[in-house]
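Under my numbering, the first residue of the first sequence carries the number 254, and numbering increases by one thereafter. Heads up, the beta-carbon is just placed ideally off N, CA and C, and yes, glycines get one too.
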Amino acid sequence: MVNQRFVPRQNTSHKALTTAHLAQTMTLLALNNQELLEKIQGELATNPALDLNETNHCPTCQRIIKNNSYCPNCSHSASNEDPVVFVSSREDISSSRNSNDIISDDEFTSQQEDLPTYVLRQIATELEIDERALAAHILSSLDEDGLSTTSNVEVARYHHVSLSKVEKVMELINKSDPIGVGCSSPKAALLTQLDMIDDGQFIDPLTYKVIDIGLDNLSKNQYELLSKKLGVTIQRIEKISSFISSNLNPYPGRAFWGNVRHQENPTLQRYKNPDVIINIQGDPNDPQFIVEVMWPIRGTLKLNPAFKKAMAEAPENKSGEWKEAIEKANLLIKCLIQRNHTLVQLMQKLSVLQRDYILKGDAYIKPITRAKLAKEIGVHESTISRAVSSKSAQLPSGKIVPISIFFDRSLHIRTALKEIIANEEKPLSDTKLVKLLSEYGYDIARRTVAKYRSVEGILPAHLRNSQ
DNA sequence: CTATGGCACGGATT
DNA sequence: AATCCGTGCCATAG
């Protein structure tokens with residue numbers, strides 16, 4: 254029985270492998286970092302032939318890095334050559350490496366971790382024994398957005414400890430990853446995150462105030478109302494608003510643990526961890542890009558050597574099953590390499606083509622289609638589509654955008670439109686806007702201007718108030 | 001009468 | 001084949 258099944262598989266294995274390879278690469282390509290993480294964890298849990306060499310340290314500077322995130326310290330200091338585009342993936346994958354790891358059952362149990370555990374693990378060392386109970390209490394009350402549903406007072410009373418003690422623990426929790434977790438409201442979460450942003454980029458001091466008093470208006474796009482309230486220009490409010498939405502996340506739990514449920518909402522997408530990070534290096538006038546394709550797990554995936562060895566003495570009835578496991582593991586690793594390769598290629602081309610956009614912003618985007626790009630790197634269009642969909646990139650400015658933005662056909666016109674409207678003296682009607690835009694070289698229909706306005710959340714002329 | 005939004009069509013894109 | 005996007009036509013509001 255075993256042999257009969259075994260022999261024909263050998264014969265077709267070459268062909269079968271390549272098609273399977275292709276198919277799986279395609280599915281993997283379509284996954285973003287979050288989804289890939291789940292996939293790999295699932296595979297690790299079910300396939301004993303697969304092995305993960307875990308590392309908690311940043312490969313370059315050896316600092317402890319948090320799950321899923323990049324090392325804040327040194328991640329961009331890797332290159333010493335100076336190619337136009339330097340591409341590095343954070344971790345590499347290798348199909349075989351000698352190692353004397355022993356199989357233990359623990360390695361194959363699920364590594365899924367829920368949010369409370371994840372946070373607790375980060376702060377555990379900083380807590381006294383009695384404080385852990387408090388932390389556990391607080392964390393168990395988190396809702397699905399990562400916000401706390403209990404008040405500090407409540408916790409303090411329950412545990413008969415001073416309020417300040419609870420607050421101390423709470424602060425620790427708030428500042429762990431994802432930042433803002435355990436806050437009592439979206440507002441509090443935003444403020445905490447704002448405090449923690451510390452990468453030297455300019456932050457409008459008014460941002461605090463805007464969050465504090467104007468969050469409701471902000472979410473309803475009532476910019477002009479807010480600008481009146483605070484007595485500043487509407488442009489300033491808009492700037493602050495876009496800063497908030499691209500850098501802060503009112504629902505900390507969703508950023509890291511967001512599941513399918515949230516994917517329907519594209520505005521929440523950009524809060525996720527980026528799948529690609531683009532940074533600049535060297536001469537600010539003529540910088541090189543450092544493009545990093547993120548790798549969702551810490552450590553190196555490989556074929557479990559101990560399992561391979563054990564194959565030799567595999568019991569008769571298990572050998573087929575085991576062989577299959579090894580093949581599957583091998584395939585997965587190969588496909589992952591392929592996926593990364595494709596992604597790297599894609600980003601390389603994209604970062605060259607959209608250089609101006611990456612450096613100078615929305616107005617400089619060039620309309621390219623996936624199809625054109627596909628031809629250029631010689632892959633099928635659908636490959637590009639998969640690679641692009643549901644993934645995000647972090648630009649040098651720190652802004653996180655969906656990668657599909659690189660293929661936006663009208664973004665440049667829309668930004669021109671926004672600019673015109675921002676600088677208008679009196680509210681301009683759509684027809685006048687058409688004229689002005691055509692002077693910029695953008696010939697579009699009146700109806701289209703209206704569409705763009707609504708996309709950008711800009712009110713019609715008669716409802717806009719010039720200040 | 002002017003400005004704008006809704007609907008739907010056709011061509012391009014995915 | 002399905003979806004997205006720009007646009008024209010028409011109804012409606014001001």
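Here DSSP, grouped into helix, strand and coil, assigns Q475 to coil.
Pairwise C-beta distances place the region 473 to 493 out of contact with the region 397 to 417, as fewer than three of them are shorter than 8 Å. Going by DSSP, F560 is part of the alpha helix (DSSP H) stretching over 558 to 564. Contact check for T622 and F659: beta-carbon distance about 11 Å, past the 8 Å limit, so the pair fails to qualify.
Membership of I543 in the beta strand (DSSP E) is indicated by the continuous run 541 to 546. Non-local C-beta neighbours of G467 in its own chain, meaning closer than 6 Å and more than five positions away in sequence, comprise L479, ordered along the chain. In this chain, the alpha helix (DSSP H) harbouring A442 covers 439 to 449. Shortest Cα-Cα distance from L626 to any of Y504, S393, S638, A616 involves S638. For S438, the number of other beta carbons within 10 angstroms of its own is below 16, and it is reported as exposed. Take the alpha-carbon of I426 and the one of Y504: they are about 15 Å apart.
For T553, the secondary structure class from DSSP, reduced to helix, strand or coil, is strand.
DSSP, read as helix, strand or coil, puts V529 in strand. Contact annotation: R717 and I674 have beta-carbon atoms nearer than 9 Å. For Q647, the enclosing beta strand (DSSP E) covers residues 645 to 647.
Per DSSP, reduced to three states, the secondary structure at P655 is strand. DSSP places L681 outside both helix and strand once states are collapsed to three, so it counts as coil. In this structure, the CA atom of I618 is about 5 Å from the CA atom of Y610. Per the DSSP secondary-structure output, S691 pairs with nothing in a beta bridge. Per DSSP, L303 is one residue of the beta strand (DSSP E) stretching across 303 to 306.
Residue pairing by DSSP puts L395 in a beta bridge opposite S401. For the options D448, D469, N470, the alpha carbon positioned closest to that of Y461 is the one of D448. Contact check between the region 679 to 691 and the region 699 to 708: three or more CB pairs, one atom from each, fall below 8 Å, which counts as touching. Under the three-pair Cβ rule at 8 Å, the region 591 to 605 counts as touching the region 541 to 559. Under the three-state reduction of DSSP output, Q607 falls in the coil class, being neither helix nor strand. Taking C-beta separations shorter than 8 Å and ignoring five residues to either side along the sequence, the partners of T445 in its chain run N427, K428, I432, G433, C436, following chain order. A Cβ-Cβ distance of about 17 Å is found for the pair M564 and I586, leaving them out of contact under the 8 Å criterion. The C-beta separation of L395 from L368 comes to about 6 Å, placing the pair in contact by the 8 Å criterion. In this model, A669 and L284 are separated by some 33 Å (Cα to Cα).
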